[in-house]
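Since the structure comes first, as C-alpha cells, the remarks are kept for the end.
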Amino acid sequence: MTVAAPGRPLWAPFLLLAASIVVVDQLTKAWITQALAPDGVIRLVGENLRLIYTQNSGALFGLFRGQAAPFAILSLAVIAVIVAYHGRSGRNPYMTLTLGLLLGGAIGNAIDRLRLTYVVDFVDAGIGDLRFYTFNVADSCISAAVLLLLLMAIRPRLAEPRGVAS
1373 MTVAAPGRPL
1383 WAPFLLLAAS
1393 IVVVDQLTKA
1403 WITQALAPDG
1413 VIRLVGENLR
1423 LIYTQNSGAL
1433 FGLFRGQAAP
1443 FAILSLAVIA
1453 VIVAYHGRSG
1463 RNPYMTLTLG
1473 LLLGGAIGNA
1483 IDRLRLTYVV
1493 DFVDAGIGDL
1503 RFYTFNVADS
1513 CISAAVLLLL
1523 LMAIRPRLAE
1533 PRGVAS
C-alpha cells in the first residue's frame, strides 16, 4: 500500500500548466479552422510536415468514429480522475508536470467534443505514404504525459513523494 506524500499537492503549477495547454490548444484550433477549409493543407516541410484541418469524431488514431457523446462523457470522467489523483500525489514535481499535461490535453479535447461533437486535428507528419496520425496540441500533451508515466515506471524514484521544502 502506498503512503500519501507529505505536504500539500502542487495545485498552482498543476492548474497553471493545464490552463496554459487548454488556451494554446484552443487558440491553435481556432486559427486552423479560420485558415483552412476541412481537408485544406498548408505544407510546412513539403509532404513531411503539414497542417491539414481534419474533424475527428472518434478517438485516438480516428478509432470509433461518430461516438462523440460517449467520448465526451468518458473525457469528463478522466478529467475528474486526473484531478483526484493529483490531490493524492503530493508534492512530486514530475507527477505534477505529468498530470498537468494530461489534464490540459484532456480538457482541450473535451471542449471540442462537447462544443463541436468532434475534435479538431491539424498536425500531419510522415514520409511519403507512411503517415503518423493527425493530431493537435492536446494530443501532443497527452502523448508527452504517457511518455513521462512510462519513464516513471522505469525509474520509480522519479515518482516518489518529495518532502516539504524548508
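Under the numbering used here, residues 1373 to 1538 are what the sequence shown spells out, in order. Every residue, glycine too, gets a C-beta built ideally from N, C-alpha and C. Every value quoted in this text rests on a predicted model; they were computed, and no experiment measured them.
In whole angstroms, give me the CA-to-CA distance for residue i and residue j.
i, j, result
"residue 1505", "residue 1491", "13 Å"
"residue 1460", "residue 1407", "42 Å"
"residue 1415", "residue 1495", "10 Å"
"residue 1399", "residue 1425", "14 Å"
"residue 1448", "residue 1510", "15 Å"
"residue 1387", "residue 1493", "24 Å"
"residue 1397", "residue 1439", "22 Å"
Can you tell me whether residue i is buried or exposed? The criterion is at least 16 other CB atoms within 10 Å of its CB, across all chains shown.
i, result
"residue 1484", "buried"
"residue 1479", "buried"
"residue 1409", "exposed"
"residue 1481", "buried"
"residue 1472", "buried"
"residue 1519", "exposed"
"residue 1417", "exposed"
"residue 1395", "exposed"
Would a C-beta distance cut-off of 9 Å place residue i and residue j closer than the cut-off?
i, j, result
"residue 1353", "residue 1427", "A query on residue 1353 cannot be resolved here, the shown segment of the chain reaching from 1373 to 1538 and no further."
"residue 1528", "residue 1465", "no"
"residue 1513", "residue 1404", "no"
My guess is that residue i and residue j are in contact by the Cβ rule of under 8 Å, so how many angstroms apart are they, rounded?
i, j, result
"residue 1452", "residue 1477", "So it is not a contact: roughly 15 Å between Cβ atoms."
"residue 1526", "residue 1420", "Wrong, their Cβ atoms sit about 30 Å apart, outside the cutoff."
"residue 1468", "residue 1382", "4 Å"
Whose C-beta lies closer than 8 Å to the C-beta of residue i among residues of the same chain, with five residues either side of it excluded?
i, result
"residue 1391", "1476"
Ordered along the chain, which non-local residues of its own chain (more than five positions away) have a Cβ less than 6 Å from that of residue i?
i, result
"residue 1423", "1414, 1494"
"residue 1530", "1466, 1524"
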